[in-house]
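One structure is given below, encoded as structure tokens.
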Amino acid sequence: MSTSAPASATHGFAPNLAAAHGAIAEPRIVAPSLGYITGPGAAATAGSPSVSDDSSADAPPLSGSVEFREVGIRFGSGAAAVQAVRGINLSIRAGEFVSILGPSGCGKSTLIGALAGFTAPSEGSLFVDGQRVTRPGSDRGVVFQYHNLFPWKTVAGNVEFGLKMRGVGRPERQAVTAEILQRVGLAEFARHYPAQLSGGMQQRVSLARVLVNRPRLLLMDEPFSALDAQCRLLMQELLLELWREFRTTVVFVTHDIDEAIFLADRVILVSPRPGRITGELPVTLPRPRTAEAVTTAEFLSLKRTCFGHLRG
Amino acid sequence: MAPASQAPGPHPLKSGGGGGGGGGGGGALARAWGIAQRWIAPVACTAVSLAVCLVLWEMLSRNRMSFGFLRFENVPAPSKVAVAFAHLAESPKFISHVGNSFFRIFAGFGLAALLAIPLGMIIGRFQLGRWTLLPPMEVLRPIPAVAWIPLAILMFASGEQSMIFITFVGAFFPILISTIHGVESLDRRLIDASLTLGAGPYSVFAEVILPGSLPSIVTGLSIGMGTAWFSLVTAEMISGQFGIGYYTWESYTLQNYPDIVLGMIIIGVLGMACSAAIRWVGVWAMPWYRPGGNSV
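Line order of the protein sequences matches chains Z and H.
The first sequence begins at 1 in my numbering and counts up one residue at a time.
The second sequence begins at 1001 in my numbering and counts up one residue at a time.
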């Protein structure tokens, strides 16, 4: 936190994180002072229309709401066409943590692709904060099962990429990057290349690289599936902490029931071929959650309900 | 069983070495033996193998051996080549020949790289580029650089320019093809990642496509360097004044047979040096590209 004062005042990542650490009650300071909420087009200035001033310190985040309306997605055409998902209706509140749970090949990832802007819906429409999703943008960050870090960039180079794209100057980029790497526990690995890291570390870098952009939507497609059980648990806890600090909406796709429940405010159940929403389950476990939460009676009863849903 | 068989293990070495040194002598000897096996043995074998070849060559030439279709009577012996090298190294001609060849390689190969890399990236990235720019390349590609020599002499004002052109043609296509391949085989997810992180079209090119296809480009450059030398030497033999290919051919026409072999060796060494330079540039430009590098 030895960032120079003027830099912190304008794009202050450093004091934001500090504030988030110290007082969770002031999360509003985190998002608007960076002003990244309006996406890549808008400059990081206070003038962005959808960004409120710091006055509304206790208000929930204003952006990151998602609306699926009768969304269907088909791949291919003619006889070879595959209906990946059909008739998806789903609303996600700004700042909500939603898990999408379903077996492999049920079209969960397709939903992530549509939200990221890689795939356009064949039917229906999809909105983020009331705006139709048309193409990828830095306001929606994606973390995949297998990392897609740039192999030719160091850990720091990967993390600061989004800031560089936005035209943030080098000293400030370095300060922000150093801070977020510290936050995900990789400060000593800043100069390593992705290939030199373990799977868990690579996913931490992926998370940091996305979060540095202050996305209103964090899209995660089975991000921890390739990790060993212990590492996965640590990553889940880290993710919950970061979610609390960054006040972003999270859509988390997984086939792991425990993971879906442990993380989310709400679990959306999806059936395969074509993917349809078959039910949803509000998770009322108290937060902040730690790994012990999975041993509580409440958790087990939620898990039982989930099983019932998936079987029936 | 185990301790009994373990005990004599180090001892034979110790007594066999006969050093009679202190307690550490056995370990040091074993280590020395290990080093010998790892480093000295391969070097010694290489040296012996090369020496045998040289001696064989020397004998074949000295005795003017002839096997009917294959004759060694006009082949200069290595000892004569060594004498020729001593002469050439003293004369100013040496620097001039090598300098001329180097300049032509530098110009022809450099131009080829400057043109082929951007062109390959455009063709690899854009459908329209592929449709419009690739067809003429595909038509010209099967024509060997050497086949261009007569036309090149007609097209260019000076022999120098035509030789640079031939070098250019030799290097151009391997670099182009490797660049296209590099761009096409780039992991699509990396481009997607850059888009979700806010990269515009220019940044996608500069930050993702160029570094991502660099391994392929460097491969293309090192193949292109080989073909550039090949093309240059041929061009110099046919239409050159100065240059190491010219020197080799001139030696033949002047019947300085040892100089022919000397020219060949110099061509080999220069080609090797240039390939090494490319490899070094590759390592320097891609510190991240270490197949089987250390992992944490």
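Here a beta-carbon is modelled for each residue, glycine too, at the ideal position from N, C-alpha and C.
Just so you know, these numbers come straight off a predicted model, no measurement behind them.
* Asked: Under a Cβ-count criterion, where at least 16 other Cβ atoms within 10 Å of its own Cβ denotes burial, should Z:T290 be classed as buried or exposed?
  -> exposed
* Asked: Does the Cβ of Z:G95 lie closer than 8 Å to at least one heavy atom of the ligand MN?
  -> Looking at this structure, you won't find the ligand MN or any other ligand, since it has none at all.
* Check each residue of the segment 1196 to 1214 of chain H: if its Cβ is closer than 9 Å to any Cβ of chain Z, include it; give the result in chain order. => T1196, L1197, G1198, A1199, G1200, S1203, E1207, V1208, P1211, G1212, L1214
* **Any alpha helix (DSSP H) of 4 or more consecutive residues that is wholly inside the segment 1075 to 1128 of chain H** => 1078 to 1090, 1093 to 1125
* Looking only at C-alpha atoms, which of H:A1077, H:P1042, H:T1167, H:L1088 sits nearest to H:E1058? -> H:A1077
* Go ahead and pull the three-state DSSP assignment for H:R1064. => Correct three-state label for H:R1064: coil.
* Closer than 8 Å, Cβ to Cβ, to anything on chain H: give me those residues from the segment 118 to 147 of chain Z, in chain order. => F118, R135, P136, G137, S138, R140, G141, V142, F144
* Put Z:A190 into one of helix, strand or coil per three-state DSSP. => coil
* **Within chain Z, the residues that H:W1284 reaches when beta carbons sit closer than 8 Å** => Listed along chain Z is no residue with a C-beta nearer than 8 Å to that of H:W1284; the closest approach is about 13 Å.
* Ordered list of alpha helix (DSSP H) runs contained in the segment 1202 to 1262 of chain H, each at least 4 residues -> If we require 4 residues or more, the alpha helix (DSSP H) runs fully inside the segment 1202 to 1262 of chain H come out as 1210 to 1239, 1244 to 1253.
* Which value, in whole angstroms, describes the spacing of the CA atoms of H:E1207 and H:S1213? -> 11 Å
* Using a Cβ cut-off of 9 Å (strictly closer), state whether H:L1190 contacts chain Z. => yes
* chain Z beta carbons: is any one of them nearer than 9 Å to that of H:G1021? -> Note on H:G1021: pLDDT 42, under 50, position unreliable in the model; no value is reported.
* To do: To the nearest angstrom, report how far apart Z:A260 and Z:I100 are at their CA atoms.
  => 7 Å
* To do: Have a look at Z:E237 and Z:L211 and give me their C-alpha separation to the nearest angstrom.
  => Distance between the alpha carbons of Z:E237 and Z:L211 is about 16 Å.
* **Check whether H:G1243 and H:R1104 have beta carbons under 9 Å apart** => yes
* To do: Sort H:T1167, H:I1238, H:L1210 by Cα distance to H:A1228 and report the nearest one.
  => H:T1167
* Which of helix, strand or coil does DSSP assign to Z:G199? -> helix
* I think Z:P354 touches Z:R244, with their Cβ atoms under 8 Å apart; what is that distance to the nearest whole Å? -> Because chain Z here runs from 1 to 312, residue 354 of chain Z falls outside it and cannot be looked at.
* Residue nearest to Z:T254 in terms of C-alpha spacing, selected from Z:S63, Z:C231, Z:I112 -> Z:I112
* Asked: Taking the C-alpha atoms as reference points, what is the distance between H:T1248 and H:L1154?
  -> 24 Å
* Counting only the same chain and skipping the five closest in sequence on each side, list residues whose C-beta sits under 7 Å from that of H:R1064. => F1072, E1073
* Terminal residues of the alpha helix (DSSP H) in which Z:M235 lies -> 229 to 246
* From the beta carbon of Z:R311, is the nearest beta carbon of chain H less than 9 Å away? -> no
* Going by the beta-carbon positions, is the gap between Z:L69 and Z:L126 smaller than 9 Å? -> According to the sequence as given, residue 69 of chain Z is Arg; it is not Leu. Contact: yes.
* Please report the Cβ distance between H:S1194 and H:V1204, rounded to the nearest whole angstrom; I am assuming they are in contact, meaning their Cβ atoms lie under 8 Å. => 5 Å
* Rounded to a whole number of angstroms, what is the C-alpha to C-alpha distance between H:A967 and H:L1176? -> In the structure as shown, chain H starts at 1001 and stops at 1296, and residue 967 of chain H therefore has no counterpart that could be examined.
* Return the first residue and the last residue of the beta strand (DSSP E) that Z:V294 is part of. => Segment: none, Z:V294 is in no beta strand (DSSP E) and carries neither H nor E.
* What is the DSSP secondary structure of H:M1137, counted as helix, strand or coil? -> helix
* So what does DSSP say about Z:G158, is it helix, strand or coil? -> This sequence places Asn at residue 158 of chain Z; Gly is not what is there. It is helical.
* Asked: Looking at chain Z, which residues of the segment 1162 to 1193 of chain H have a Cβ within less than 9 Å of any of its Cβ atoms?
  -> D1187, R1189, L1190, D1192, A1193
* CB-CB length for H:I1262 against H:L1088, believed under 8 Å -> The sequence shown places Leu at residue 1262 of chain H, rather than the Ile named in the question. Confirmed, Cβ separation roughly 6 Å.
* Asked: Can you list the residues of chain Z that H:W1280 reaches, using a CB-CB cut of under 9 Å?
  -> Near H:W1280 there are no residues of chain Z at all, since even the closest Cβ is about 18 Å away, more than 9 Å.
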